[in-house]
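Peer 1: The structure's right below; bear with me while I get my questions together.
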Amino acid sequence: MGSIPNITTTGIVQQNKVSIAGRVVDSNGDPITNATVRELGTHNGTITDLNGDYKLSVTIGATLQFSSIGYKTLTYTVKKSGAVNCTLEEDASLLNEIVAIGYGKAKKGDLSAAVATVDNVDKLQKRPVSNVSQMLQGQIPGVSVVANGGHPGSEPTITIRGMGSPNGETPLYVVDGVPGAPFNMSDVVSITVLKDAASAAIYGAYAGSAGVILVTTKQATAGKPSVEYNGVFGFSTAQNLPQSLSWEDEMRVRAYSYQQAGSTLPAGWNVISKDPVYGKTNTDWIKQIFRTAAFNRHNIAISGGNEEFSNRLSLEINNADGTLVNTYNRQVTARLNSMWKIAKFLRIREDLSWKDRKVHDVNTTSAESGVILAALMFPRNTFPYEGNGYMGTVPKAYAEYANIHGDAINPMRILEAAYDNNHASTFTSTTFLDIVQPITGLNFTSRFTWMQTNYMQRYWRPQRTEIGKPNLTNELYYSNYREPQWDWENTLTYDRIFGKHTMGLMASTTASQYSYRFNDATMRGFENEINSMMYFANGTQVINPNDKYYKDRNVSYVARGAYSFADRYFVTASLRRDYASRLPKGKKYGDFPSVTAAWKLTSEPWFKKSSILNVLKLRASWGKIGNLGSIGYGYGVATLSTRYPNDSPYVGSQIGIDNRIMAGVYLANAFNRNLTWETSEQTDFGVDAVLFNNHLHLSIDYFNKNTRNLIKTQDVNWPTTIGISAPLINDGEVNNRGVEISAMWKDKIGRNVSYYVSGNIATLRNRLTNIGAANPDGSKPVWTYERTYRYKDLTPYRSAEGKPLYSYYLLRTDGVFKTDEEAAAYVNANGKRLQPKAKAGDLKFVDVDNDGEIGEGDYEFRGNAMPKLTYAFSAGFSYKKFSFDFMLQGSYGAKLFNAYKYTTLNEAVGSFNRSDKILQALDGPTYAVPRISMTDDNDNFGRISDWYLESGSYLRMKNISISYSFTDLLRKIAFFNSRQSTLDLTLSCDNLFTITPYTGIDPEVGGVGFDCGQYPVSRTVSLAVKIKF
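The sequence shown begins at 1 in full-length UniProt numbering and counts up by one.
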């Protein structure tokens, strides 16, 4: 029998019933808690305790089965009483993988909900990523991860199964059972995503409508002392950067645009007489502001202990310079977790963590002070620095020349003289009290977590003294807040096996409190701008001081029951009740149920075993989760202040008389006593299959998610004369549905070569299915979203019933007029020109409603920024100590609004330098760059049309990695000759290339697809080192 080598026995033969006792351990000799020991064919069984020990009375000749989640099952025939010790081997099968499911764990093959895990976490940790969110990109179908630019340390936008709320959604991170706890990247053991509402409902309102991401980290365990170091070193370079016009080309473009407007260049453009450095200086401003940026991440962990006491200490230092000069992210994270065994059934665990992060960043998306745009706009015949060390500008002797460039800013001044410093520090303490099996199968855990975040922002904008520039006063903004919070959770579980019946029960309560104390102010009028003088005491004018304090309390009750029969039928049901103090009286409670079921056909007695179809399981689930959406913690709370909040339309209004600002009480919004929970219901049907002798693993899911009672600001029938902002209301319903497919093939060729091929694909359809109450005239309302860019209303969005959220609502264009005659012949039925000022090269706008003019009736819906399809493909192989892996990732069907073209190709917006793409306009009519003119008579750029709309589809080589294990060489050194010593090196490249039709900097545009020049995602090359001894 194959299990005999893993079982040791002692004792003597007795008649009938005999007593069996022993210990169950893993391959390292560590005890396995909650392993099941049962007598096959009976209801007789037990579960191991904290030490892995068990005791059971059985009959001679009985067959014992030893099993635990994540390990191979062993059997043993009892021949005598005494000790039977068992060593279980880890099970590499994907279906036997242990999976975190929220308030517990389960075997992946037993799941009946849409729960996905990230494979090869250890390989992903060797990539040059700074957070778990970046690790998730391309790993799980239905989980959209979009980079919000290449800001050092920036978090991408994660959307799970579509956008369900116009307020935006952020998934809940739960780290070792603690929502929002900090952790080290290198400490991560597993990542699980609860994609459907049935699995996420166990977290109720905490889950929002965005789903839950569970992170499990390395913990203190008994064993020999060990030291582990993980390091990643490398550099980043920005790709696909725009380029500005040379001074000569700027002259050509400017002369052409004046000529198209029927005018001539002003005298200031006579460079021969006005600019003595013409022909001698041609500063490449893009090259000046970007650099090759270095990064490094170091993690060292020390662990060890025995069965009574063990601990693990880890420290991670993460330094990343941005590819933009003088931007960086500095982060330090420390964690200590310990375990004390107080008694046979009692243990205490303590997790302490501290995270400190400093970010020096810069704005890239502002149309007034965005640094990349400034680099395109600033004239090239100027120097970055003057000889006296000051920032370069146009000499004062040539004021007329300087004036023609408007308020263009030296981009190095934005990067070096101005700054935006952010400093956040979070401390977390979590204490667990575990009572393990005082009665067989019964476990109790009490957890108390205290977490406090302290945050400070310091933003400095210097005065601008360049000739021809607005004489703006300098300004120092300072803000800070403290977020102390605690939660106390008590969880009771009971798990038993009775013959073919397996059951699990769980009940839990949670009480939590969150506090928020915020203050900020702006000071202007500093006479001296050196760093040592940048304190409020040295300014002359205080602007908008503000102070806020909120407190929010929540209580939750959770229950779950799970049952399975003979590894064939699986049913799980849960119910969570949440209390939210911020909601009005009578609306504070929300109930969030879920139910799941699965049928494993291949476990049926009638199913004939096959080498082709090894496992086939059908799943179905339904669940409901809550979301507090945009309800602030201080909703409905009166605040003592000298001003309205920043998001109020009445900012700048005064409380008092005679222009004296006095302290007063205001409400941020009108209070709605009927405001209630935003909820999301989701139905999921899935199929899991294992084929071809366990080589191919396939999973297919169909989901249908409805988000109801959307929380939004009332934007209809609210007069501004009331004096406070409109209330929050529940209005509207959004539907998301789609299909998700993932597949992996793993196999070996001979003894030394193993390989895998995997891929995933997901479709998504988003619709606003119910927009709520009709307008007074009976028409259906629409939701609009204002968006200005360079003082111009460029709002391209509108949400309407039957359309996706944030749909583009634009004029349709039909190319450009090839000749003046063609433009003149574009008339209505009465012979009147539809575009009276149009000429050759101008955009042709379509009269969609055929009313004889180009107007409001010609706008139409033109897609949205949500991709119709997301996909990823990865493959790899290993040969002895060498391995190679790569991943391709991309999306299809998203549309992006390239607002950057409004400033970089539009000659009617100030007398700035432009993108070199504008030169296309000088070669004749082209749709890519329509006719340019200082007056833009045809409103080519001023009208919000589909000319700004571009395909955001792309395919990206996300990662290529080559690894080699030097473990054998390491162990030849006397100090490292232990079996636990390992050494691996990995060379990796991220974002190697991108294939896309998009003409902007990068097709990964966060938010809702409005691209105004984001910080570009970088190509990175890195070397990872992992050593353990």
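C-beta atoms are modelled at their ideal positions from N, C-alpha and C, and glycine is treated no differently.
These figures come from a predicted structure and were not determined experimentally.
Which residue spans inside the region 682-757 form an unbroken beta strand (DSSP E) run of at least 3?
Peer 2: 696-708, 711-713, 728-730, 733-749
Peer 1: Measure the CB-CB distance between Phe966 and Leu983 and report whether it falls below 8 Å.
Peer 2: yes
Peer 1: With DSSP collapsed to three states, give me the class of residue 1047.
Peer 2: Outside the displayed span of the chain (1 to 1029) sits residue 1047, for which this structure offers no information.
Peer 1: Where do the ends of the alpha helix (DSSP H) carrying Glu821 lie?
Peer 2: 820-824
Peer 1: Could you check whether the region 971-978 touches the region 916-933, counting it as contact only if at least three pairs of C-beta atoms, one from each stretch, sit closer than 8 Å?
Peer 2: A contact between stretches requires three or more CB pairs, one per stretch, nearer than 8 Å, and the region 971-978 fails this requirement with the region 916-933.
Peer 1: Does the region 451-462 come into contact with the region 473-490, if we say contact requires no fewer than three beta-carbon pairs (one atom in each stretch) closer than 8 Å?
Peer 2: yes
Peer 1: Have a look at Met366 and Val734 and give me their C-alpha separation to the nearest angstrom.
Peer 2: For the record, residue 366 in the displayed sequence is Ser; it is not Met. Each residue's Cα considered, the two are about 31 Å apart.
Peer 1: According to DSSP, is Tyr998 part of a helix, a strand, or is it coil?
Peer 2: Three-state DSSP puts Tyr998 in coil, outside helix and strand.
Peer 1: Identify, in the order they occur along the chain, each residue of the same chain with its Cβ nearer than 6 Å to the Cβ of Val178, setting aside the five sequence neighbours on each side.
Peer 2: Thr430, Thr449
Peer 1: Where do the N-terminal and C-terminal ends of the beta strand (DSSP E) with Ala334 fall, by residue?
Peer 2: From DSSP, the beta strand (DSSP E) with Ala334 extends over 328-343.
Peer 1: In angstroms with no decimal places, state the Cα-to-Cα distance between residue 1032 and Lys780.
Peer 2: This structure cannot settle anything about residue 1032, because the visible part of the chain is limited to 1 through 1029.
Peer 1: From what residue to what residue does the alpha helix (DSSP H) around Ser199 run?
Peer 2: 197-200
Peer 1: Residues in its own chain within less than 8 Å of Ile32 by CB, not counting five upstream and five downstream?
Peer 2: If we look at Ile32 and ignore the five residues flanking it on each side, its Cβ neighbours are Val24, Val25, Asp26, Thr48, Gly52, Ser68, Tyr71, Leu88.
Peer 1: For His697, count the other beta carbons within 10 Å of its own beta carbon; 16 or more makes it buried, fewer makes it exposed. Which is it?
Peer 2: buried
Peer 1: Could you tell me which uninterrupted alpha helix (DSSP H) segments, each at least 4 residues in length, are contained entirely in the region 929-997, listed from first to last along the chain?
Peer 2: 967-971
Peer 1: So, helix, strand or coil for Leu834, using DSSP?
Peer 2: For Leu834, the three-state secondary structure derived from DSSP is coil.
Peer 1: What's the C-alpha gap between Glu475 and Glu529?
Peer 2: 10 Å
Peer 1: Can the beta-carbon of Tyr1015 be found less than 8 Å from the beta-carbon of Leu324?
Peer 2: yes
Peer 1: Please report how far the alpha carbon of residue 1030 lies from the alpha carbon of Ser574, in whole angstroms.
Peer 2: With the chain covering only 1 through 1029, there is no way to say anything about residue 1030.
Peer 1: Locate the alpha helix (DSSP H) running through Asp842, then write down its first and last residues.
Peer 2: Premise fails: Asp842 is in no alpha helix (DSSP H) and is neither H nor E.
Peer 1: Measuring straight from C-alpha to C-alpha, what distance separates Arg291 and Trp285?
Peer 2: 12 Å
Peer 1: Kindly indicate which three-state DSSP category Ile622 falls into: helix, strand or coil?
Peer 2: Looking at the sequence shown, residue 622 is not Ile but Trp. Residue state, collapsed to three classes: strand.
Peer 1: Sorted by chain position, which residues of the same chain lie with C-beta nearer than 6 Å to Asp495's C-beta, five sequence neighbours on each side aside?
Peer 2: Gly441, Gly504
Peer 1: Run through DSSP, which three-state label would Gly656 get?
Peer 2: Confidence at Gly656 is low in this model, with a pLDDT of 46, below 50, so the placement of that residue is unreliable and no value is reported for it.
Peer 1: Go ahead and pull the three-state DSSP assignment for Thr87.
Peer 2: The answer is strand: DSSP assigns Thr87 an E or B state.
Peer 1: Quick one, which of Ala147, Ile342, Pro379, Tyr258 has its alpha-carbon nearest Asp916's?
Peer 2: If we check each option's Cα against that of Asp916, Pro379 comes out closest.
Peer 1: When burial is assigned at 16 or more other CB atoms within 10 Å of the CB, is Asp851 buried or exposed?
Peer 2: exposed
Peer 1: I want to check one thing, is the minimum distance from the CB of Trp486 to the heavy atoms of the ligand GDP below 7 Å?
Peer 2: By its list of ligands, the structure shown contains no ligand whatsoever, and the ligand GDP lies outside what it can speak to.
Peer 1: For the alpha helix (DSSP H) holding Glu416, just list the boundary residues, first then last.
Peer 2: 411-416
Peer 1: Which residues mark the beginning and the end of the alpha helix (DSSP H) in which Glu250 is found?
Peer 2: 247-260
Peer 1: Is the Cβ-Cβ distance between Ala197 and Ser594 less than 8 Å?
Peer 2: yes
Peer 1: Looking only at C-alpha atoms, which of Asp567, Lys551, Thr572, Gly61 sits nearest to Arg582?
Peer 2: Lys551
Peer 1: Quick check on this structure: which residue in Leu111, Tyr54, Gly109 has the alpha carbon closest to the alpha carbon of Ala83?
Peer 2: Tyr54
Peer 1: Just to confirm, is the Cβ distance from Phe845 to Thr813 under 8 Å?
Peer 2: yes
Peer 1: Would you please state the rounded distance, in angstroms, between the beta carbons of Ala507 and Arg461? I believe it to be under 8 Å.
Peer 2: At roughly 55 Å, the Cβ-Cβ gap does not stay under 8 Å, so Ala507 and Arg461 are not in contact.
Peer 1: Roughly how many angstroms lie between the CA atoms of Gly759 and Gln139, to the nearest whole one?
Peer 2: 9 Å
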